[in-house]
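Q: A single structure is presented below for examination.
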């Protein structure tokens, strides 16, 4: 009798431990083994297609293969942006919980997905493989307030996944700029003016890593800084890209969407 109860107790413990240790999807809580996001929820992530091949700005279906008007008028100093998702539900919620609440489990499946996306892209275009990665910098005061730099976290993850070195402590924000939220690209560039410094000589090819790209102002400023120091080719890698708000005038490269996109950032 006692032996039977002991065996039953052991089996119950095994089932409880198995249930507790099973990785769950961060979105629907279904069991999963794929970095915290089940296949069904992963397929629901808003793919950033079509998008501008230069800056990854989301575009309507009618603009497949075209560059956006901003890149035609004022080409960015980076050669290409590789950004797999649009900053829409549920990606925006996942990044928000990771970035502002420190819940790293929500960032992990997106990091893994970006690594897969980049691995496939670089296999097709091996000449585009950068020599090193560099994270978009955060002012020390803001880092202390948040507890971590999400762009540095992402760069470290991609460095391990893709076997690429990460340049640490080479780019600094010399002053704490006001929040970039709500600013257009011109406002963000003005906000960043003279706020970035670079130490040492950078490699010939670098990929800038950030979590979300809104106007691309930070990437433009950092890419310009790197190229002025001798870097020949810069790419921009990020998790998500925000859609642009509708311009009151027709877009020169594409037909703007009929609805007004919300500002997610």
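In the UniProt record's numbering, the protein residues as written are 1 to 265. A virtual CB, placed ideally from N, CA and C, is assigned to each residue, including glycine.
1) Can you check which of these residues, 95, 121, 90 and 112, is closest to residue 80 by C-alpha distance?
2) Could you say if the stretch 142 to 159 and the stretch 93 to 110 meet the contact criterion of at least three C-beta pairs nearer than 8 angstroms?
3) Could you check whether residue 90 and residue 27 sit closer than 9 angstroms to each other, using their CB atoms as the reference points?
4) Measure from the alpha carbon of residue 146 to the alpha carbon of each residue in 134, 73, 98 and 82, then state which is nearest.
5) How many whole angstroms separate the CB atoms of residue 205 and residue 130, which I take to be in contact at a CB cut-off of 8 angstroms?
6) What are the boundary residues of the alpha helix (DSSP H) that includes residue 156?
7) Decide if residue 57 is buried, meaning its Cβ has at least 16 other Cβ atoms within 10 Å, or exposed.
8) List in chain order: all unbroken alpha helix (DSSP H) runs of 4+ residues lying wholly within the stretch 27 to 98.
9) Mapping DSSP to helix, strand and coil, what is residue 197?
10) Work out the CA separation of residue 61 and residue 141 for me, nearest whole Å.
11) Closest to residue 168 by CA distance: which of 161, 174 and 136 is it?
12) Residue 238 and residue 210 look like a contact to me (Cβ under 8 angstroms); what is the Cβ gap, rounded to whole Å?
13) For residue 148, which residues of its own chain have a beta-carbon under 8 angstroms away from its beta-carbon, when the five flanking residues on both sides are left out?
14) Under three-state DSSP, which class holds residue 204?
15) Could you pull out every residue in the same chain whose Cβ sits closer than 8 angstroms to the Cβ of residue 24, ignoring the five residues on either side in sequence?
16) Please look up how many angstroms separate the CB atoms of residue 110 and residue 95, rounded, as I've assumed it's under 8 angstroms.
17) Does DSSP put residue 144 in a helix, a strand or coil?
18) Apart from the five residues on each side of it in sequence, which residues of its chain come closer than 6 angstroms, Cβ to Cβ, to residue 17?
19) Taking the continuous beta strand (DSSP E) assigned at residue 221, which residues delimit it?
20) For residue 135, which three-state DSSP category applies?
21) Secondary structure at residue 115, three-state DSSP: helix, strand or coil?
22) Between 132, 174 and 197, which lies nearest to residue 165 when the distance is taken from Cα to Cα?
23) Between the beta-carbon of residue 196 and the beta-carbon of residue 221, is there less than 9 angstroms?
24) Would you report the Cα separation of residue 40 and residue 125, rounded to the nearest angstrom?
25) Identify the continuous beta strand (DSSP E) that holds residue 235 and give its terminal residues.
A: According to the structure shown:
1) On the chain shown, residue 80 is found 80 positions in, with the first residue counted as 1. The candidate whose alpha carbon is nearest that of residue 80 is 121.
2) yes
3) Your numbering for residue 27 matches position 27 in the chain shown. Your numbering for residue 90 matches position 90 in the chain shown. For residue 27 and residue 90, yes; Cβs fall inside 9 angstroms.
4) Residue mapping note: residue 146 aligns to position 146 of the chain shown, counting from 1. Of 134, 73, 98 and 82, the residue nearest in Cα terms is 98.
5) What you label residue 205 is simply residue 205 of the chain shown in a count that begins at 1. What you label residue 130 is simply residue 130 of the chain shown in a count that begins at 1. Correct: roughly 5 angstroms between the Cβ atoms.
6) By one-based count along the chain shown, residue 156 stands at place 156. Note, residue 156: alpha helix (DSSP H), 150 to 162.
7) Along the chain shown, one-based indexing puts residue 57 at 57. That one is buried.
8) 39 to 43 and 69 to 73
9) Residue mapping note: residue 197 aligns to position 197 of the chain shown, counting from 1. Strand, per DSSP.
10) Taking the first residue of the chain shown as 1, we reach residue 141 at position 141. Taking the first residue of the chain shown as 1, we reach residue 61 at position 61. Approximately 42 angstroms, taken between the alpha carbons.
11) For the purposes of this step, residue 168 is taken as residue 168 along the chain shown, with counting starting at 1. If we check each option's Cα against that of residue 168, 136 comes out closest.
12) Along the chain shown, read from residue 1 onward, the residue named residue 238 stands at position 238. Along the chain shown, read from residue 1 onward, the residue named residue 210 stands at position 210. That pair is a contact at about 5 angstroms.
13) For this step, residue 148 is matched to residue 148 along the chain shown. Taken in chain order, the residues that qualify are 102.
14) As a first step, residue 204 is located in the chain shown; it is residue number 204 there, counting from the start. DSSP places residue 204 in coil when its eight states are reduced to three.
15) Position 24 of the chain shown holds residue 24. Only 30, 31, 32 and 36 meet the Cβ criterion.
16) The residue you call residue 110 lines up with position 110 of the chain shown. The residue you call residue 95 lines up with position 95 of the chain shown. Indeed, because the Cβ distance is near 7 angstroms, the residues count as touching under 8 angstroms.
17) As a first step, residue 144 is located in the chain shown; it is residue number 144 there, counting from the start. Note: residue 144 maps to helix in three-state DSSP.
18) As a first step, residue 17 is located in the chain shown; it is residue number 17 there, counting from the start. Confidence is the limiting factor: at residue 17 the pLDDT is only 42, short of 50, which leaves the residue's position unreliable, though a coordinate-based value still follows. Cβ within range, chain order: n/a, list empty.
19) The sequence position of residue 221 within the chain shown is 221, counting from 1. Here residue 221 belongs to no beta strand (DSSP E); instead the alpha helix (DSSP H) covers 217 to 228.
20) On the chain shown, residue 135 is found 135 positions in, with the first residue counted as 1. If DSSP states are grouped into helix, strand and coil, residue 135 belongs with the strands.
21) The residue given as residue 115 occupies position 115 in the chain shown. Three-state result, residue 115: helix.
22) By 1-based counting over the chain shown, the position of residue 165 is 165. Answer by Cα proximity: 132.
23) Here residue 196 corresponds to residue number 196 of the chain shown, with the count starting at 1. Here residue 221 corresponds to residue number 221 of the chain shown, with the count starting at 1. Contact: yes.
24) As a first step, residue 40 is located in the chain shown; it is residue number 40 there, counting from the start. As a first step, residue 125 is located in the chain shown; it is residue number 125 there, counting from the start. Those two C-alpha atoms are separated by around 29 angstroms.
25) On the chain shown, position 235 is the one that residue 235 refers to. Note, residue 235: beta strand (DSSP E), 233 to 241.
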